[in-house]
Structures are given as structure tokens and as C-alpha cells.
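Heads up, the working numbering is the position in the sequence shown plus 305, with the first residue counted as 1.
Glycine included, each C-beta is placed from N, C-alpha and C at the ideal position.
Following: one structure in C-alpha cells, then a few remarks.
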Amino acid sequence: MDLKERRNKHLGNAEKFFYEEPLHIVKGEDVWLQSSNGKRYLDVYNNVAHIGHSNPIVVEAIASQAATLNTNTRYIHENIIELAEEITATFNNELEICYFCCSGSEANDLALQIARAHTGQNGCLVTENAYHGNTTAVFQMSPEDCPTEKKEEWIGLVGGPAKYLNDKEKHISESLKTAEKLKNNGSAPAAFIADNIFSSEGIFTIPKGYLKNMYNLIRSFNGLAIADEVQSGFGRTGKYMWGFQHDKVVPDIVTLGKPMGNGHPIAAVVTTREIAKSFNSSHGYFNTFGGNPVSAAAGLAVIRFVNNNKLIEHAENVGKHFKKGLSSVARKLRVIQEVRGSGLFIGVELESKSITSQAIEGLLSEGILVGQTGPQNNVIKLRPPMTFKNEHADQVIKAIEKVLS
């Protein structure tokens, strides 16, 4: 029985693959992945390996701590405290309390629990094609995956950046009506949550004023603003550590995930002392593995590597080079509708889903791994490790031009 057959026999999600012929990946190093047949692929998709696959600094931090101690957070340990200190130092002074968990889904679920506890309200505003995770509650907050017929009444859908850019006043007006409808139906919104690179919406740098307007709206209903930084955080979008900073706003709650452990399962919720006090007085929170010494060691290694190697500035510079090259190709090829995004998170919108799917298979044959996203699934998602360089960008630009010509 081959590996695929064994997978089909025992895994619940066995049929889910990125490609028509699934890849068997056996090794990762920096921006490269290697398959079982020895072929190397340039990874322009996996943001989980935020500072490169098998980064030796992270590997050493994990191995060293695992060889010494790993236990839960009801004992005192330096690592979790140091990680909380270093994370909160990157935020506005009021965002000073951390809760640690194991995944972005857990973080977003906890953020909703906190918002509900603090506001005494139940509803939630999300963008129309958002993805925020897969717990029971967060699945509802993920209309990209949650079918319309399964959407519960406490969820209100608002337009993403595309609708805002098309008609700002209409977007604000319709968002207000959605919030009012939730309130009138007994589910006043406790929160508005946004992924601040709007990946599932087709990848957009935050349009000027988008978050400011939505934060003002949710706060007018006594709700909280949640910034989902699972994909846009830790400098990925360039210029700033966090995606929401592009619109000069300060959220009430921030959620972190995937990249913060470079593949090790660690995530966090960051909020104010006042909001944390509301939640703790009625609920409290404990997660056996959240922020354990090994996970915290991985998190510390990542944030220090980002800062010590000036990866935020690097992402901005390489991203500009990458986007400029892709825009040049777009001017030559009518099939490319638009190039969007910032830093090392870029979307290339094509004419249709079918063309995009064909392009992704074509790029695979060129040794390049990318993703596919957007409401119409017609956007090539380019989201490489932060150690991605201009030379790698040039390789992708050349391959995209070849495949789409």
C-alpha cells in the first residue's frame, strides 16, 4: 500500500491536496522545500515558516528547552513572561495583557469570548469572504468556508476592501444597517474582526480609512475591534510590525497565530487590562499547552530574529521589488487584472478561477509553490517566508510571465 492509499485509509481530510498530483515533501530549508524525488521547490506560499523552514535558531531554541523542561503555565517560567513582554512592547501601551494558546483558530475563538464577556453582547461583524479559523464559533466567522444556509443569526456580513474602494459611503451605510439589524434581532455586535491583509477577500493593503470607519462603527454599538494578525503580523506586510498599523488605528484585541512559532503551534490574544479584567472576573482561561516553555522559546526566537535581522524593512524592500516586477508583467499580459498587497504578501488577480488554477499547476511544473484565494478564487497568493530575497522574486516573476503568456 503506497503513502496516498495509507493516507486515504486513516485520515479524515485525506482528499484535500493543493495540486492535482499531490506533493510528498520531505525536507525544508529557508525558502526551499524538497520532495521525495529530490526536486526542490521555491516556497512562495507557506507563511507558517515565517523566518524560513527549519530555521536553525528556532530549531535550537525548541530542542534546548525540550531537553530541559516542558510543562503547563500554572507554574512560573521565564519564557512565557519574556515573550509576553516582547510582544506587548510592539503595541500601544494599553495593549499589555497576553493570553497564550496553540492556534489562530483558538486565538480568534478566545477573542470572541472576551468581547462577549466585556460587552455583554453576542453578535459579530465579519467581512463577506473572511476566514478566521475552524472552531464551532470561528467557523461561523469564516464565510469563505461556512455555507450561507448554515450561517447563524449572530453573524453580520459587511463588505471588504473591494466594496469600500468602489463606494465608501455606501459601504459605511450598509455596514451600519447590518449592525443595526443584529441589534434589533437580539444579537447586538460584540465585535468586528478583520484579517488585516484581507487574504480571503482577494488580498488588499488596508484602504485608507477602512479600519478607522469600521472601528468607529463597532464602538458606537459598544462593541470591540479585533485585529486578526495571524496572516499579516510580525512584519509580513512591511513598514510596520502589525497590519492594522497601516490605517493608524489601535484595536481593542489583537490575535496572533501561525507565524509566531515558525511552525511550532503557538498563538496569542493581546488586549487591555480593563478588558482582560472583565473576562477574568466571569470566565478565566487556561490552556494546557498555550505558552508552555518550549512554545514560548520558539516564539522568542522568532520575534528576536525578526528584529535582529530587520525583516520588517526587508519585507518592505523586497515586496516593492516583487510588486514592481509583477506590475510590469501585468502591463504586458491582459490576463492579469491587478497586482495588490504589500510587503511579502501579494495577490495577482487573473481573469478567472480556471485560468488561476491552470497557472498554479504551471508554476508547480516550474518549481514554484503558490496559493489561490479570493471570492472568485481567481487570485494567485504570494506569501513566502520573510527571508525571501530579490533573486527569488525575480525567479517567480519570470515563471509567472512564462506560464501566463
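- Indicate whether Val599 and Asn375 have their beta-carbon atoms separated by less than 7 Å. yes
- Query: Per DSSP, Thr432 is paired with what?
  - Reply: Val463
- Message: Between which two residues does the beta strand (DSSP E) holding Tyr346 run?
- Response: Arg345 to Asp348
- Item | Under the three-state DSSP convention, the category Val684 falls into | strand
- For the segment 544-562 and the segment 329-336, state whether three or more C-beta atom pairs, one from each stretch, are separated by less than 8 Å. no
- Task: Mind listing, in chain order, the continuous alpha helix (DSSP H) runs of no fewer than 4 residues lying wholly within the segment 569-640?
- Result: 578-587, 598-613 and 616-637
- For Tyr502, the three-state DSSP class (helix, strand or coil): Residue identity check: residue 502 is Ile in the sequence provided, not Tyr. In the structure shown, Ile502 sits in coil (DSSP, three-state: anything other than H, G, I, E or B).
- Query: Going straight from the alpha carbon of Phe584 to that of Phe610, what length do you get?
  - Reply: 33 Å
- Message: Can you tell me whether Arg645 is helix, strand or coil according to DSSP?
- Response: strand
- Beta carbon of Thr440 nearer than 7 Å to that of Asp414: yes
- Going by C-alpha distance, which of Asp500, Asn521, Ser504 and Ile508 is nearest Ala484? Asn521
- Query: Anyone know if the C-beta pair for Asp348 and Thr692 falls short of 7 Å?
  - Reply: no
- Task: Can you give me the start and stop residues for the alpha helix (DSSP H) that Glu479 sits inside?
- Result: Lys473 to Asn489
- Message: For Asn360, count the other beta carbons within 10 Å of its own beta carbon; 16 or more makes it buried, fewer makes it exposed. Which is it?
- Response: buried
- Query: Using the rule of at least 16 other Cβ atoms within 10 Å of the residue's Cβ for burial, across every protein chain shown, is Tyr515 buried or exposed?
  - Reply: buried
- Starting from the C-beta of Ser541, find all residues in its chain whose C-beta is less than 8 Å away, skip the five residues before and the five after it, and write them out in chain order. Here the sequence assigns Arg to residue 541, which means Ser is not the residue at that position. The residues are Asn352, His355, Ile502, Gly548, Pro564, Ala620, Gly648, Leu649, Phe650, Arg688 and Met691.
- Task: Starting from Val336, follow the alpha helix (DSSP H) in both directions and report where the run begins and ends.
- Result: Counting along the chain, Val336 falls outside any alpha helix (DSSP H), and DSSP gives it neither H nor E.
- Query: Counting along the chain, where does the alpha helix (DSSP H) carrying Ile558 start and finish?
  - Reply: Element bounds for Ile558: not the alpha helix (DSSP H) but the beta strand (DSSP E), Ile558 to Leu561.
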